[in-house]
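Chains as they are written, first to last, in my numbering: chain D, 31 to 218; chain G, 31 to 218; chain C, 31 to 218; chain B, 31 to 218.
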DNA sequence: AATGAATGAGAATTCATTCAT
DNA sequence: CATGAATGAATTCTCATTCAT
């Protein structure tokens, strides 16, 4: 009758468990482990996600959604640099506050299991930020470059900065600031 | 008394096959597939590499060695910018000329199978370039930042640029140039 | 909520199959053969026994338990010789009635897969008989010898007698009786 | 041209290595290990023994031959008890002096690889002792029992005694003596 | 729906034996 | 003959997915 089974709680539990387990063990973690960690039976997992691959795709979207949410709400009136700084800071905060989610997301991003459709959906989630980036690009040195290129360059600098913040917490604030300045020089 | 000496050709064949297969199917490609692709039997693979993990570690070093070789030979007298441009260009050329190697290397770089020892060895291969980067950093805006951070930022921009070059060959030259300018602004 | 409960029948089927197959082919019999013989799939065997080694250990305990059960119930009031004769006779009867179990048990007893813990458990099963042996020893020529030595000597005579009974059924009763007299002379 | 290849030294080296390795690792020790331990190449092993099974069979005969040699030379004039004691003592000495050989022999004795033909050959080696045993039997309580039965009973007591001597060296002499008295009571 | 046992197609290795050198 | 690489069948164990309860 219903495509979506009843308990959304369980769906969440599975996705949360998957985030934790994948962060710790990688994408090859057995579905049985995910189920156990979620407190359900291994069979039940497949009433919520038809295949492991589908679970991964949905998790990718969920995590990206959450991450995107953390970036939005930037002050549209402020100078561009302020806006980007706001996004950058929130991004870094989200990543360092949720290192498991960050790691799972990074693993998923390079997985062959993630379909092009899923990637398209995920990208759309960043639309708001993409709009901001668009404005940044238009007024900066990369105004001739294609938008995806600019976005990817920024993202790669952000990811790298996150890694340093996560692995070197004492200097996290420092890394965050330097990372931003670097990124701003690159594309701002 | 040498019987059939352990053929270097065969070792190469395995590593080459692994590069291809891993680029296409990922690190979880069965050893049997690697063997078949290398034109040897199942069991023979293990006379050349005791475990799959060892094969991956050696492949990582091989690929990194090759990549590093492609970057070196930059003109030590020229202005720093020239030197970096030289490295950048060669790097991009190597990556776009050998997309399989590039992809395999990228997958290996994030694999849990690669040991810290192997990573240390691989890093030492880049010593020459690291020296150049050191000089760049010292004279640029990142002079206060730790060297690994600067290296990682540059690398991430390079990787991103490569991806665009590989997936959009018509504009490869363009991407290459824009990527370099962006990187130079960021850290030069 | 019990789904398919882990069937005790199936566990038994595996152990029985293992007994038969091991008696016929030795301890190196493939797990796949045990599974086939038990009428289950390859993989199912491992839901009942995590490893082949664990299966062997449990089988050892099962067989020893059964054997020990066959020995007990000797008449505590009767003269020692009567009691021992009772044990001896039951022992021989069990062995000749279940030659597969006997052979499997003999193979397991000398296997490196059987852990010290398992051996300890198995020995405890013979406690009642050991008590009897203790009384026999105390009143006989071996009263100065350590108990394990006496037990081992008796066991070895019993094992030998069994072999003859099994391989020469027509004279089994004869072997049984002569074996007992010999053993009683040795330690009674 | 020649059934037997040249170097008897190598044959010996292989058999000696096999004794050591099998004592330590069991009969499933790889032929490659035996070869390495013997200081030859794995391929060479098969010019001396066509199959692993043949190697095991020959080793069994060799060890049994050596053991039999250690038992012989008993004083034919002395009283039977003296003669048996002589045999028993030499047997124990050989076993405790060469625990590897003893263990390898014990493992081989229960192996399925040993053919009936080999067993027949091995038994013939004990002919001298068997003759002595025959005389013992004829004058003792087992005069009605078949000779193989008597021999097996004695052997089992001897094996058990050896085990205790080997695993409890401080009391080896004690075990040896008690074992003999027990055996003599049983069959003398 | 939920459960967890059942399934069976792999996966990485191992190893006796063969064969090119 | 010696060598040791080559072979490929065999082995234990894993895991996504299905299905009986």
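Just so you know, even glycine gets a beta-carbon here, dropped at the ideal spot from N, CA and C.
Please identify the residue among the options whose C-alpha is closest to the C-alpha of residue i.
{"i": "residue 182(C)", "options": "194(C), 167(C), 195(C), 196(C)", "result": "167(C)"}
{"i": "residue 97(D)", "options": "145(D), 79(D), 159(D), 48(D)", "result": "159(D)"}
{"i": "residue 178(B)", "options": "121(C), 105(C), 102(C), 193(C)", "result": "193(C)"}
{"i": "residue 212(G)", "options": "175(D), 106(D), 95(D), 68(D)", "result": "175(D)"}
{"i": "residue 85(C)", "options": "124(C), 125(C), 140(C), 61(C)", "result": "61(C)"}
{"i": "residue 40(B)", "options": "51(B), 67(B), 54(B)", "result": "67(B)"}
{"i": "residue 207(B)", "options": "117(B), 78(B), 89(B)", "result": "117(B)"}
{"i": "residue 100(C)", "options": "57(C), 107(C), 122(C), 134(C)", "result": "122(C)"}
{"i": "residue 204(G)", "options": "173(G), 133(G), 143(G), 119(G)", "result": "119(G)"}
{"i": "residue 180(B)", "options": "55(C), 188(C), 109(C)", "result": "188(C)"}
{"i": "residue 82(B)", "options": "93(B), 69(B), 94(B), 63(B)", "result": "63(B)"}
{"i": "residue 129(D)", "options": "186(D), 157(D), 199(D)", "result": "199(D)"}
{"i": "residue 250(B)", "options": "138(B), 77(B), 114(B)", "result": "Since the first and last residues shown for chain B are 31 and 218, residue 250(B) lies out of range."}
{"i": "residue 218(G)", "options": "150(G), 169(G), 161(G)", "result": "169(G)"}
{"i": "residue 94(B)", "options": "56(B), 58(B), 144(B), 162(B)", "result": "144(B)"}
{"i": "residue 124(D)", "options": "195(D), 45(D), 216(D)", "result": "195(D)"}
{"i": "residue 154(C)", "options": "53(C), 171(C), 92(C)", "result": "92(C)"}
{"i": "residue 107(G)", "options": "69(G), 162(G), 47(G), 36(G)", "result": "162(G)"}
Just curious, the alpha helix (DSSP H) that residue i is in, first and last residue?
{"i": "residue 159(B)", "result": "157-168"}
{"i": "residue 86(G)", "result": "82-101"}
{"i": "residue 67(G)", "result": "61-68"}
{"i": "residue 72(B)", "result": "72-78"}
What is the DSSP secondary structure of residue i, reduced to helix, strand or coil?
{"i": "residue 196(B)", "result": "helix"}
{"i": "residue 210(B)", "result": "helix"}
{"i": "residue 104(B)", "result": "coil"}
{"i": "residue 178(C)", "result": "helix"}
{"i": "residue 58(C)", "result": "coil"}
{"i": "residue 37(D)", "result": "coil"}
{"i": "residue 173(C)", "result": "coil"}
{"i": "residue 216(G)", "result": "helix"}
{"i": "residue 48(G)", "result": "helix"}
{"i": "residue 186(G)", "result": "helix"}
Point to revise | Near-chain C residues of the stretch 158-185 of chain B (beta-carbon distance less than 9 Å), N- to C-terminal order | key: For the stretch 158-185 of chain B, which is checked against every Cβ of chain C, the residues closer than 9 Å are 171, 172, 174, 175, 176, 178, 179, 180, 182, 183, 185.
Suppose only complete runs of 4+ residues qualify. What are the alpha helix (DSSP H) ranges in the stretch 126-154 of chain B, listed by chain order? Every alpha helix (DSSP H) stretch that sits fully inside the stretch 126-154 of chain B and reaches 4 residues is listed by chain position as 129-139.
* Residues of the stretch 203-217 of chain B with a CB closer than 8 Å to any CB of chain C: list them in chain order, please. => Cβ contacts with chain C come from 205, 208, 209, 211, 212, 213, 215, 216, 217.
query = In chain order, what residues of the stretch 75-109 of chain D put their CB closer than 8 Å to some CB of chain G?
reply = From the stretch 75-109 of chain D, no residue has a Cβ closer than 8 Å to chain G.
* Relative to chain G, which residues along the stretch 140-151 of chain D have a C-beta separation below 8 Å, given in chain order? -> For the stretch 140-151 of chain D, which is checked against every Cβ of chain G, the residues closer than 8 Å are 140, 142.
For the stretch 49-72 of chain C, which residues have a beta carbon sitting closer than 9 Å to at least one beta carbon of chain B?
Within the stretch 49-72 of chain C, the qualifying residues are 55, 56, 58.
**Message:** Along the stretch 114-126 of chain D, where does the CB come closer than 9 Å to a CB of chain G? Name the residues.
**Reply:** So nothing in the stretch comes that close.
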